[in-house]
Amino acid sequence: MNETRRALLAALADGPVSGPVLAEQLGVSRAAVWKQVEALREEGFAVESGDGGYRIVDVPAYGAAAIEFGLEAPYRIEYHDEIGNTNHRARELADEGESDVVVVADEQTGSRGRLEREWTAPSGGIWASVLVRPQRPPSEAPMYTLAAAVAIASAARAVGVDARIKWPNDVLVAGSGETAESTQTERKLAGILTEMEGEADRVSWLVAGCGVNANIDREDLPPGATSLRAEVGDVDRRVFLQRMLETFYDLTAEDADLDAVLGAWREHAATLGRRVRIETPRGTIEGEAVDIRFPGSLVVQTDDGEEVVHAGDCEHLRPS
Numbered sequence: 063m064n065e066t067r068r069a070l071l072a073a074l075a076d077g078p079v080s081g082p083v084l085a086e087q088l089g090v091s092r093a094a095v096w097k098q099v100e101a102l103r104e105e106g107f108a109v110e111s112g113d114g115g116y117r118i119v120d121v122p123a124y125g126a127a128a129i130e131f132g133l134e135a136p137y138r139i140e141y142h143d144e145i146g147n148t149n150h151r152a153r154e155l156a157d158e159g160e161s162d163v164v165v166v167a168d169e170q171t172g173s174r175g176r177l178e179r180e181w182t183a184p185s186g187g188i189w190a191s192v193l194v195r196p197q198r199p200p201s202e203a204p205m206y207t208l209a210a211a212v213a214i215a216s217a218a219r220a221v222g223v224d225a226r227i228k229w230p231n232d233v234l235v236a237g238s239g240e241t242a243e244s245t246q247t248e249r250k251l252a253g254i255l256t257e258m259e260g261e262a263d264r265v266s267w268l269v270a271g272c273g274v275n276a277n278i279d280r281e282d283l284p285p286g287a288t289s290l291r292a293e294v295g296d297v298d299r300r301v302f303l304q305r306m307l308e309t310f311y312d313l314t315a316e317d318a319d320l321d322a323v324l325g326a327w328r329e330h331a332a333t334l335g336r337r338v339r340i341e342t343p344r345g346t347i348e349g350e351a352v353d354i355r356f357p358g359s360l361v362v363q364t365d366d367g368e369e370v371v372h373a374g375d376c377e378h379l380r381p382s
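Counting in my numbering, the sequence shown runs from 63 upward without gaps.
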């Protein structure tokens, strides 16, 4: 039934379509088309029926069908008003054999971030976990975190927020009147938590969990965080999420060149050109972040030479 709904939404996105034409396109009866249209109306769509056929004239603010309407990426949306954790649900769907599903919630009650840090996820944010099954080796999985960060930063810039990416998985906004290169107060706008399961040569499944502080008061967020509302006012979450998903898909589709992710990441980077301190399992590395390398490693110029950091907890330092 979800496939029929997606096909119906895709057909209606192009303008008025008659019942008989829809029935033929979808391979169902006219009665089934009518039932699907009524289901859309129950979900909040305003669907007119005139001489030219069915036409969508208004779309609900949020929800599965609303996000799928006009989405130019092959994802099914599973929406929850409230859920413990979208990544947990995406992993359940992976165990059930699902793929190309985005679990979306208005509110998460059991959120967590990288290194099991607490993550506040109240109503009004964009909490979404993308489940995919890429035909790629596990060594390339970090590229999906970079792609998700680019997708979020790009969508934020489209609504007027100068978002920058902090390696490895945060999206930041510089303090008022400051630049990404200056001494500054940076506030966290979004984070990414990527999880995967795989064999030596192939990813079985991968979940890119994205949390964006969207239409939330800054006072309701932890210290050091900001929101789209605090920066530019409320945004259309449906459109913002669609832009995110479309960019993520364009960067990571099976026929995509993952090397292109690195160039896009550099364009949005807050970390490059900055002095950083990175806590790694091997110890602390301090120096200037000078580049990003496949599959997502940070190149740091230290007093003792160049270090390539594959994973770690990164802190931006003030210029010495």
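Every residue, glycine too, gets a C-beta built ideally from N, C-alpha and C.
Looking only at its chain, what residues have a beta carbon closer than 6 Å to the beta carbon of residue i, apart from the 5 residues adjacent to it on each side?
i              : result
tyrosine 311   : Ala135
arginine 195   : Ser161, Trp267
arginine 68    : Glu130
methionine 258 : Ala203, Val265, Leu268
valine 165     : Glu140, Thr148, Arg151, Ala152, Ser191
glycine 367    : none
alanine 108    : Val119, Asp120
alanine 242    : Per-residue confidence for alanine 242 stands at a pLDDT of 47, beneath the threshold of 50, marking its modelled position as unreliable; no derived number is given.
Can you find the residues in the same chain that come closer than 8 Å, C-beta to C-beta, to residue i, ignoring five residues on each side of it along the sequence?
i           : result
alanine 85  : Ser91, Arg92, Ala94, Val95
alanine 75  : Ile118, Phe131, Gly132
leucine 313 : Ala209, Val212, Ala213, Leu320, Ala322, Val323, Ala326
glycine 81  : Arg92, Val95, Trp96, Gly115, Tyr116
alanine 318 : Asp312
Would you check if the distance between the CB atom of residue i and the CB atom of residue j is smaller than 9 Å?
i              : j                 : result
alanine 351    : valine 361        : yes
isoleucine 340 : glutamate 377     : yes
glycine 125    : proline 78        : no
alanine 225    : phenylalanine 302 : no
histidine 142  : alanine 215       : no
threonine 333  : isoleucine 254    : no
alanine 127    : arginine 299      : no
valine 223     : leucine 307       : no
glycine 345    : glutamine 363     : no
valine 163     : tyrosine 137      : yes
Could you check where the beta strand (DSSP E) with residue i kicks off and where it finishes?
i              : result
valine 233     : 232 to 236
isoleucine 278 : Where isoleucine 278 is concerned, there is no enclosing beta strand (DSSP E), given that its DSSP letter is neither H nor E.
tyrosine 141   : 138 to 145
aspartate 375  : 375 to 378
valine 121     : It is not in any beta strand (DSSP E) - valine 121 carries neither H nor E in the DSSP assignment.
valine 223     : Per DSSP, valine 223 belongs to no beta strand (DSSP E) and is neither H nor E.
threonine 256  : 248 to 260
glutamate 110  : 108 to 112
leucine 268    : 265 to 274
Counting along the chain, where does the alpha helix (DSSP H) carrying residue i start and finish?
i            : result
serine 216   : 204 to 220
valine 83    : 81 to 88
valine 297   : It is not in any alpha helix (DSSP H) - valine 297 carries neither H nor E in the DSSP assignment.
glutamate 65 : 64 to 74
arginine 92  : 92 to 104
For residue i, which residues from the same chain have a beta carbon less than 7 Å from its beta carbon, with the 5 sequence-adjacent residues on both sides left out?
i              : result
isoleucine 145 : Arg151, Ala167, Gln170
proline 184    : Glu169, Ile278, Asp282
glycine 286    : Arg249, Lys250
arginine 328   : Leu334, Ile354
glutamate 293  : Val223, Val235
arginine 219   : Ala225
Check whether the region 259 to 270 and the region 147 to 159 are in contact - that is, three or more C-beta pairs closer than 8 Å. Cβ pair count under 8 Å is three or more, so yes.
* Fully enclosed by the region 335 to 369, which beta strand (DSSP E) runs are 3 residues long or longer? -> The region 335 to 369 contains these whole beta strand (DSSP E) runs: 337 to 342, 345 to 355, 359 to 364.
- Query: Do three or more CB pairs link the region 199 to 211 to the region 274 to 284 at distances below 8 Å?
  - Reply: Contact between the region 199 to 211 and the region 274 to 284 is absent, because fewer than three Cβ pairs lie under 8 Å.
| For the region 306 to 336, which segments carrying the beta strand (DSSP E) assignment without a break, of at least 3 residues, lie completely within its bounds, in sequence order? | DSSP runs (the beta strand (DSSP E)) wholly in the region 306 to 336: none.
For this session: Go through the region 149 to 196 residue by residue and report every complete run of the alpha helix (DSSP H) that reaches 4 residues or more, in order.
Result: Counting only runs that start and end inside the region 149 to 196, there is no alpha helix (DSSP H) element of at least 4 residues.
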